[in-house]
Amino acid sequence: EHAWYAFDWDTKILTIGGTGPMEDYAKLEDDGNWSLWSPPYWAWDTDLSRDESRRQIEHIVMGEGITTIGAGAFRDLDGLESISIASTVTSIGGWAFDKTTAIEEITLPNGLTMIDDSSFSDCNSLRTINIPSGVTSIGPYAFLRTNISEITLPANLTRIDEFAFNDTPLTSITIPAKVQTIGERAFYECTELQDITVNSKNPYLKSVDGVLFTKDGTELICYCPGRTDSFYRVPDGVQVIRASAFSYTESLTEVKLPDSLLTIRDWAFGHTGLTEAPVPQNVQEIEYCAFGACSDLTTATLPAALSTIGKNVFDGCPLETVYYEGSEEEWSSIDIASNETLLAAQIHYSASPYCPHTSTTYHPAVAHTCTADGSIAYWQCDLCGNKFLDDQATRRAGDTVVPAEHNYESAVTTQPTCSETGVRTFTCTVCSAATEGHSYTVTIPATGQHRYVAGRCTNLLRDGVTVCGHVKPDAVTSGNCGVNSSSIITLYLYPGQSLNYNNIYSDNVQWKLDSDGTLHIFGHGSMGSCIQVANANNYGTVLSSFYASPWYDYRSDIRSVIIDHGVTSIGAHCFDNCGNMVSIELPHTLTSIAASSFQNDGSLRDIFYHGTPLEFSSVSNSGLTLTDRELHFLGEATYVADIALPPSLTTIDEQAFAGVTWVTIDVPGTVTQIADDAFEGDVTLIVESGSYAESWARAHRIAYVPQ
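Following the working numbering, the numbering of the sequence shown begins with 1 at its first residue and continues without gaps.
Take a look at the structure:
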């Protein structure tokens with residue numbers, strides 16, 4: 001007895017003939033892993049590679065007499081569209097059709113008795129398959145990542161192994177009466193599964209409201225991931241929550257667990273929407289990642305009975321607070337060394353988390369004043385003293401204090417000039433002048449040549465000298481610093497090579513370093529994240545590396561930085577190692593500061609922001625540490641033109657502003673034509689939002705302020 005094969009080049013049909021079992025091309029080893037090797041028809045044509053050869057097979061016809069489809073026999077046939085399986089086949093080996101990705105429908109013969117490990121795994125186009133009445137077991141991963149949305153399980157089925165239907169679009173399933181065992185995670189990641197029904201005659205399993213349990217109700221096996229309920233109460237009597245029983249039920253935000261519960265298996269509540277982990281008072285063991293990847297989970301309640309906490313139980317959770325029933329000494333006896341999230345959380349010992357809270361007292365909200373704290377409304381338990389947000393004591397209140405706070409408004413009381421500082425006064429609109437903290441002032445720095453602060457010099461002369469005597473320093477060097485990549489790139493620099501930064505960075509944002517150590521950054525859009533330069537030898541071995549900003553060679557010369565309006569973000573590592581920089585001015589248009597953008601800048605003390613504290617709070621700041629630095633707010637951004645063009649102007653001709661630099665020009669909305677070289681100096685245009693001038697400025701990378 002033997003099986004043979006033949007391939008027809010014209011019809012793309014692989015014929016399997018003969019009698020008896022096919023050979024196996026996969027083997028389950030003693031360590032539980034599978035060894036795989038290639039069937040001979042993967043190389044039927046010596047002119048083709050194995051991959052090209054197997055992709056020629058589009059159809060399989062199996063002759064009567066074949067009894068077993070060998071393990072791994074048809075795996076990776078990603079061109080296979082159809083198969084006719086002989087009625088004499090009684091078993092399908094492991095990995096038989098693994099990654100046969102094109103086939104959509106398979107009809108299994110009536111004599112089949114088992115479906116082995118991973119038989120149809122990753123057949124991600126497979127939508128329709130029948131399971132014959134004689135099949136008694138479905139192996140692990142059998143239908144992993146197939147496209148089966150509905151399936152009928154046969155009456156004689158006794159076993160469904162782990163991950164059997166993992167990540168399939170099943171919406172419901174009925175478990176027959178003879179099924180005794182359902183392996184862990186049999187329906188894992190079935191995010192559309194909403195209901196599991198069990199035949200009422202099944203003596204081993206039961207379904208309660210679509211949730212799968214053991215017949216005696218002591219183990220909860222699977223809560224359907226596709227359910228949309230936000231709350232679920234686990235029935236009394238459940239002692240074990242099986243592995244991944246609630247995984248991927250993202251709509252579930254609250255669960256009530258019974259006092260009968262003893263064990264929570266690994267990943268039981270992983271990837272759910274829970275905000276709190278309310279572990280009941282008799283639980284003794286919580287296994288690996290039981291509440292892992294719950295991105296909204298901030299609070300946990302743990303009992304004194306708990307003796308074992310597995311690794312990474314709250315991994316991936318923003319856990320902040322743990323209420324522990326036992327003492328600090330009892331807590332120290334539990335090994336949590338592999339739980340970084342628990343180690344970082346605040347633990348409340350002897351927290352009485354299991355108090356029945358049968359008697360509570362209502363405390364109404366108290367409004368805060370400028371000098372006295374207030375509080376939110378809350379209920380306080382008369383038995384344990386804990387505070388709650390509702391009279392049923394289901395939601396902890398945490399901190400109920402509303403701190404005292406002034407309501408400030410600000411105004412510039414002394415305008416800054418080129419050489420004199422100004423003053424901004426903040427005054428509380430609620431309290432009287434006699435109240436502590438009623439008002440305070442901040443200093444507005446002298447503006448020098450900066451063109452965005454009211455009160456600056458307005459009489460700039462062609463030679464760069466102003467009426468206040470300030471002379472614009474000559475530029476030491478300049479270049480591009482705009483974004484060319486959304487991420488940090490690495491440039492390998494070999495012996496004899498040098499960097500041309502202007503080829504690396506875009507000119508949408510540019511820079512200029514003056515002789516007095518002032519670095520000006522101007523343009524419109526994002527500053528690029530700095531490239532990582534890797535110095536390599538001729539053999540490609542990296543000897544050293546550093547992050548190279550465009551001004552890297554001048555970093556020790558920089559004393560101050562002025563970033564002009566129009567720049568929206570500061571890229572990673574832009575100001576690394578600028579150790580002599582003492583101040584920086586940030587524009588009102590800034591929206592983000594990347595991580596690691598101000599490393600090793602120990603001299604930086606003053607940060608000037610052209611906006612209000614509220615506006616600065618909306619800046620995504622990952623890189624500028626404010627500790628030991630003074631943040632000065634220069635108030636609402638106001639932009640006053642140095643040159644106001646006539647309101648009826650329609651055209652700005654070639655070189656109209658040749659030689660004019662360091663000024664702000666108000667361009668009216670009536671302008672419909674601007675020559676490409678109308679502005680050649682460092683200017684900023686005040687334009688109407690949506691106007692031709694705004695579009696022109698954006699296209700020509702000229703700094704502009706929309707009004």
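Cβ coordinates follow ideal geometry from the N, Cα and C atoms, glycine included.
Excluding residues up to 5 positions away in sequence, Tyr25, Ala26, Leu36, Trp95, Ala96, Phe97, Asp98, Lys99, Thr100 lie with their Cβ nearer than 8 Å to the Cβ of Arg75 in the same chain. For Thr341, the enclosing alpha helix (DSSP H) starts and ends at 340-344. Distance from the Cα of Arg424 is smallest, within the candidate group His438, Gly437, Val442, for Val442. Closest in C-alpha terms to Phe163, from the list Ser506, Val476, Phe187, Gly65, comes Phe187.
Counted as a single uninterrupted DSSP element, the stretch harbouring Tyr692 is not any beta strand (DSSP E) but the alpha helix (DSSP H) occupying residues 692-699. Gly237 and Thr214 have their C-alpha atoms spaced approximately 11 Å apart. Inside the stretch 243-275, DSSP marks whole beta strand (DSSP E) runs of 3 or more residues at positions 254-256, from first to last along the chain.
Non-local beta-carbon contacts of Lys201 in its own chain, meaning distances under 8 Å to residues more than five positions away in sequence, involve Ala177 in chain order. If you look at Trp331, you'll find it in the alpha helix (DSSP H) that goes 328-332. With 16 or more other Cβ atoms inside 10 Å of its own Cβ, Tyr248 counts as buried. Measuring C-alpha to C-alpha distances from Trp379 to each of Asp31, Thr361, Gly528, Arg54 identifies Thr361 as the nearest.
Per DSSP, the unbroken beta strand (DSSP E) holding Ser82 starts and ends at 82-84. Cys224 has no beta-bridge partner at all, per DSSP. Beta bridge pairing from DSSP links His520 with Lys512, Ile562.
A residue is called buried once 16 or more other Cβ atoms fall within 10 Å of its Cβ, and Thr371, having fewer, is exposed. Across the set Thr181, Asn130, Gln180, Leu212, the C-alpha of Leu212 shows the shortest separation from the C-alpha of Gln194.
Distance check between Leu205 and each of Ser569, Gly292, Ile160 places Ile160 closest, using alpha-carbon atoms only. In this structure, the straight-line span from the alpha carbon of Asn199 to that of Thr218 is close to 18 Å. Judged by DSSP in its simplified three-state form, Leu685 adopts strand. Gly111 is positioned such that its CB atom lies no closer than 9 Å to that of Gly63.
Val89 and Gly226 have their C-alpha atoms some 36 Å from each other. C-alpha of Asp601 to C-alpha of His524: approximately 25 Å in a straight line.
Rounded to whole angstroms, Ser119 and Thr174 show a C-alpha spacing of 21 Å. Collapsing the DSSP output to three states places Arg233 in a strand. Considering only Ile674, Ile665, Pro646, the residue with the shortest C-alpha distance to Gln655 is Ile674. Trp696 is the residue among Pro668, Ser689, Trp696, Ser691 whose C-alpha sits nearest the C-alpha of Asp677. Residue nearest to Ala142 within the set Phe165, Asn124, Thr158, Pro154 is Phe165 (criterion: CA-CA distance). In the same chain as Glu630, and ignoring 5 residues on each side of it, the C-beta atoms closer than 6 Å to its own belong to Asp606, in chain order. Looking at Gly183, Ala304, Ile131, Gly32, the one whose alpha-carbon comes closest to that of Thr113 is Ile131. Residue pairing for Phe7: DSSP places it in a beta bridge opposite Leu14. Secondary structure at Phe633: strand, using DSSP grouped into helix, strand and coil. Partner residues in the beta bridge of Val401, as assigned by DSSP, are Ser375. Within the same chain, Ile182, Ala186, Phe187, Ile196, Val211, Leu212, Arg242, Ala245 come within 8 Å of Cys222 by CB-CB distance, once the 5 residues on both sides are set aside.
The stretch 424-434 makes no contact with the stretch 608-621; the number of CB pairs closer than 8 Å stays below 3. Taken through DSSP and simplified to helix, strand or coil, Glu219 comes out as strand.
Of the candidates Tyr692, Ala393, Ala344, Ile376, the residue whose Cα lies closest to the Cα of Asp399 is Ile376.
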